[in-house]
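Heads up: the structure comes next, in structure tokens.
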Amino acid sequence: MDKEKLIIKAFLNELNGDDGAVIKNWCLSKDLFFENVHFKREWLSLEQIASKAMLVNISDAIVMNAVPRYALLGLALPKNLNENQIKDLQRGFLKTAKKFGIKIIGGDTISNEKIDISITLLSKIRKKAIYRKGLKIGHLLAFTGELGQSLKGLELLQKGGSLEAKHRFIKPKLRKDFFYKIANKVVCAMDISDGLSKDLSRLLELNQLGISWFKTLDFYELYSGEEYEILFAFEKKDKEFIEKMAQKYKLKLNIFGQAVKGKYEFRGKEHHF
1 MDKEKLIIKA
11 FLNELNGDDG
21 AVIKNWCLSK
31 DLFFENVHFK
41 REWLSLEQIA
51 SKAMLVNISD
61 AIVMNAVPRY
71 ALLGLALPKN
81 LNENQIKDLQ
91 RGFLKTAKKF
101 GIKIIGGDTI
111 SNEKIDISIT
121 LLSKIRKKAI
131 YRKGLKIGHL
141 LAFTGELGQS
151 LKGLELLQKG
161 GSLEAKHRFI
171 KPKLRKDFFY
181 KIANKVVCAM
191 DISDGLSKDL
201 SRLLELNQLG
211 ISWFKTLDFY
221 ELYSGEEYEI
231 LFAFEKKDKE
241 FIEKMAQKYK
251 LKLNIFGQAV
261 KGKYEFRGKE
271 HHF
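Laid out in structure tokens, this is it:
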């Protein structure tokens, strides 16, 4: 058992273990975004740091079929940040919150040696929540978009290069319009934050199933983390509808496998600890 599983196991209950906790018609979620863990200051502007911190949290709400409404911010910031730098951070939070209709309603701030951000999101469930559990034999497995660019971007940054402001590593693309449209056909879903292979292993382990692959995916498609595309499953009878919706929203849809009896083993590098 890895240490992440050890921590989660102590708090397991009927509300825990998904991208968010569903309480009545609300979804509550939290993500951390820490300097020297998720980013380096020389890689992103302060506005980009705050914006990405919001986006990675919003991603969790979307895959639960929930619409973000309120946010609580936990900010640990260096004392040497000046007023203009703090305003840059504020701008990133506020612009992204406004884009998704989110109101920031409070939180906490402390001084720290680096920038550490914790965001709690309160989101309204649309009709019914979508969980990671629900996969059955015969269901088709798919992911949105193209995977691999986040890891390639990270590698470039680690070599001293730079990325355009619209690069996926800096500004994840969230697929809310497409996903909300197909949500009533989706049997289970999660966002791809730790790489397709790792997140697929979580989904299959939870549902005690394996996979029959339709195509061979390369290293970057399997192991690129922080993509924030959507991994989801659906019944064969809904394939045509989902494909039409992908075309409508000009989105690449990758139907890469089918759930079968068996087990899937993750063989990559752990992103946690």
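For the sequence shown, counting from 1, position 44 maps to 44 in the working numbering; every step adds exactly one. We treat Cβ as the ideally placed atom computed from N, Cα and C, and that holds for glycine.
query, result
"Supposed close pair L196, L140 - CB separation, criterion 8 Å", "Not a contact, Cβ separation roughly 15 Å."
"Nearest to R168 (by Cα), restricted to the options Q48, L28 and I8", "Q48"
"contact_flag[the stretch 152-163, the stretch 196-214] where n(CB pairs < 8 Å) is 3 or more", "no"
"Check whether G92 and L46 have beta carbons under 8 Å apart", "yes"
"Own chain partners of Y70 with C-beta closer than 6 Å, once the 5 adjacent residues on each side are dropped", "K103, I105 and L122"
"Candidates K171, I170 and D191, of which the one nearest F179 by Cα", "D191"
"The stretch 235-251 touching the stretch 124-133, judged by at least three CB pairs closer than 8 Å", "no"
"Residues that P68 bridges to, as DSSP identifies them", "S123"
"Selection from K114, K30, A97 and N25 that minimises the alpha carbon distance to K79", "K114"
"S51, buried or exposed, once every other Cβ within 10 Å from all chains shown has been counted against 16", "buried"
"Span of the alpha helix (DSSP H) around I170", "Note, I170: premise wrong, no alpha helix (DSSP H); not H, not E."
"Distance between beta carbons of K261 and L209, contact taken as under 8 Å", "7 Å"
"Through-space distance from I170 to L44, alpha-carbon basis", "7 Å"
"Whole-angstrom distance between K152 and H38, CA atom to CA atom", "15 Å"
"Minimum C-alpha distance to K30 - residue among N57, E4 and I7", "N57"
"Exposed unless 16 or more other CB atoms sit within 10 angstroms - verdict on D177", "exposed"
"Buried or exposed by the 16-neighbour rule on C-beta atoms within 10 Å, applied to T109", "exposed"
"4-residue-minimum alpha helix (DSSP H) runs that sit fully inside the stretch 159-236, ordered along the chain", "176-182, 196-207 and 219-223"
"Buried or exposed (CB count within 10 angstroms, at least 16 for buried), N184", "exposed"
"H139 CB to nearest heavy atom of the ligand ATP below 7 Å", "This structure simply doesn't include the ligand ATP, nor any ligand for that matter."
"Closest residue to I230 among I242, N84, L174 and L94 (Cα-Cα distance)", "L174"
"Span separating the alpha-carbon of Y131 from that of Y220", "26 Å"
"Backbone secondary structure at I8 - three-state DSSP", "helix"
"DSSP three-state assignment for L140, whether helix, strand or coil", "strand"
"Where E35 sits in the DSSP three-state scheme", "strand"
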